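Numbered per the UniProt record's numbering, the sequence shown spans residues 1 to 384.
Cβ coordinates follow ideal geometry from the N, Cα and C atoms, glycine included.
Small disclaimer: the values here were computed from a predicted structure and weren't measured.
A quick write-up on the structure given underneath.
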Amino acid sequence: MDFRPDPTLEAFRETVRVFLRDNLPQDLVQTKIAMVSPRDATVRWQRILNGKGWGAPYWAERHGGTGWSVEEQLIFDEECALAGAPSLEGFAQKLLGPVLNQFATPEQWQAHVPAILAGERHWCQGFSEPGSGSDLASLRTRAECRGDRYIVNGQKIWTSYAHRADWIFLLARTNAEVKKQAGISFLLIDMKTPGITVRPIISIDGQHHLNEVFFDEVEVPVGNLIGEEGMGWSITKFLLNNEHASTADLPILKAYLARMKKMSRSITVGMAAMARQADFAVQIARFETELKALAMMVRRSAALHGDQGHFAHALGSMLKLRATDLQQRMTVFMVEMLGDDGPLVDPVEGDGITSEMFFRRASTIYGGTNEVQRGIVAKLMFGL
Ligand SMILES: Cc1cc2nc3c(=O)[nH]c(=O)nc-3n(C[C@H](O)[C@H](O)[C@H](O)COP(=O)(O)OP(=O)(O)OC[C@H]3O[C@@H](n4cnc5c(N)ncnc54)[C@H](O)[C@@H]3O)c2cc1C
């Protein structure tokens, strides 16, 4: 494939940059990288993007999206991260939205998509359970059909942002008699339904992103089932395939590099800025080189979008492995740049690098653990 800069994409990048320069309000600019924005900031930003017709940057035009290619989506994400734009509601935009566009009935689509595009309905993802993370198909939360309702009982864990979500998209077992993958269904549940309890899990970065969610005789209208009963596993595979292009978190890595360079100019060691000292400069250059190589892998993956072949699948796993390794090393290096007092001078409310470093310890776990990704690469590429 041709890795030379593409003039059309560069022109697109410039369009996005100009838009951000002219339309991103200063009070919405966030200094912390990769932070999930407060809800009101997400809603305001969503409305600004709607005004430009960019409210659904990852969806096809026929579903009300921009119709951008995967490469254009990545450029949009990169420029937004570099400008410090608020995050969009990622669960709805990147995961659930494409599922609704593909599998929802017109009534279901109408019930949820306009609210997503207005930025008013926030979602969380209820897949993992205690004992069912990597082996997701073994999940035990049950949904039993009784007349016009499902009665849901069970527990989810590591549910990011369940405490601020309005709705959850949930995998539940509707049939225990068939092969485990075939007995799973995909349900949408209003988090205000009686019987749902959310308990916080405070992670190593000191923040509350994660939760346990308990379901005790929760009544869900049968109309909230997406697709048919037992289709949950294939819907999940579709949902996870859509994640491939963003697996590498390239926009975040580019924002790390920019932050690192800025720090190297402002922090002095002895008499000189770090940027002027060979050891630091060489290390930063190495990160930049690794990032360029990763960006080429991402372009290759984007070019293979929709390809169901072994290599395309293995490339998604390889990207996850390379990118999470870089995320961890770059954030550790930035904390080290702050010197002996680094972890102390940068508490959660500082510029966030220490908490970012702690958060990224989890990057080799979420989105499928790195051990599992290595297994996938070994199987697909080497037949092991
Ligand atoms: C920050 C964070 C956010 C998350 N957000 C969500 C969310 O919003 N919604 C949601 O549903 N889930 C979420 N998760 C859960 C995440 O998907 C699971 O943690 C992950 O799939 C691993 O599952 P587990 O924790 O049960 O570990 P296990 O699957 O029990 O794994 C334990 C260890 O065994 C290894 N292992 C397991 N199977 C294999 C294998 N086949 N080959 C080699 N090694 C193996 C793993 O690599 C790991 O080291 C989140 C997790 C984190 C850390």
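- For residue 154, the secondary structure class from DSSP, reduced to helix, strand or coil, is strand.
- With a 10 Å radius around the Cβ and a threshold of 16 neighbouring Cβ atoms, residue 121 comes out buried.
- Relative to ligand 1, residue 362 has its C-beta within less than 7 Å of a heavy atom.
- In this structure, the beta-carbon distance from residue 103 to residue 16 does not fall below 8 Å.
- DSSP places residue 221 within a strand segment (E or B) once states are collapsed to three.
- Contact between residue 191 and residue 158 does not hold, since the beta-carbon distance rounds to 16 Å and is not under 8 Å.
- Beta-bridge pairing by DSSP links residue 190 to 167.
- For the set 359, 36, 292 and 324, the Cα lying nearest the Cα of residue 5 is the one of 292.
- At a cut-off of 7 Å, the beta-carbon of residue 158 counts as near ligand 1: some heavy atom of the ligand is closer than that.
- Judged by the Cβ position, residue 170 fails to qualify as a neighbour of ligand 1 at the 7 Å threshold, every heavy atom of the ligand being at least this far.
- Using a 10 angstroms sphere on the CB of residue 22, the tally of other CB atoms stays under 16, which defines it as exposed.
- Bounds of the beta strand (DSSP E) holding residue 123 are 123-126.
- Contact between the region 173-191 and the region 227-237 is present: 3 or more CB-CB pairs across the two stretches fall below 8 Å.
- In the three-state reduction of the DSSP assignment, residue 25 falls in the coil class, being assigned neither a helical nor a strand state.
- Residue nearest to residue 193 within the set 165, 289 and 2 is 165 (criterion: CA-CA distance).
- If you check the CB distance, residue 239 and residue 99 come in under 8 Å.
- Counting other Cβ atoms within 10 Å of its Cβ, residue 3 stays below 16 and is therefore classed as exposed.
- Rounded to whole angstroms, the Cβ separation of residue 213 and residue 156 is 4 Å, and the two are in contact under 8 Å.
- A Cβ-Cβ distance of about 23 Å is found for the pair residue 181 and residue 123, leaving them out of contact under the 8 Å criterion.
- Remark: fewer than three beta-carbon pairs, one from each stretch, lie closer than 8 Å, so the region 29-42 and the region 263-270 are not flagged as touching.
- Ligand 1 approaches residue 210 closely enough that one of its heavy atoms is under 7 Å from the residue's Cβ.
- Ranked by how close their Cα comes to the Cα of residue 330, the residues 110, 250, 142 and 88 have 250 in first place.
- For residue 279, the closest of 336, 328 and 323 by C-alpha to C-alpha distance is 336.
- The beta carbon of residue 105 is closer than 6 Å to none in its chain, skipping five residues each way along the sequence.
- Residue nearest to residue 198 within the set 80, 175, 126 and 146 is 126 (criterion: CA-CA distance).
- Between residue 221 and residue 163, the beta carbon gap of about 24 Å keeps them out of contact (Cβ cut-off 8 Å).
- Within the chosen limit of 7 Å, ligand 1 does not reach the beta carbon of residue 80 with any heavy atom.
- Exclusion of residue 352 from the 7 Å shell around ligand 1 follows from its C-beta lying no nearer than that to any non-hydrogen atom of the ligand.
- Residue pairing for residue 185: DSSP places it in a beta bridge opposite 172.
- For residue 200, the three-state secondary structure derived from DSSP is strand.
- Here the alpha carbons of residue 53 and residue 107 stand approximately 24 Å from one another.
- In this structure, 203 is the residue among 282, 203 and 376 with its C-alpha nearest to the C-alpha of residue 357.
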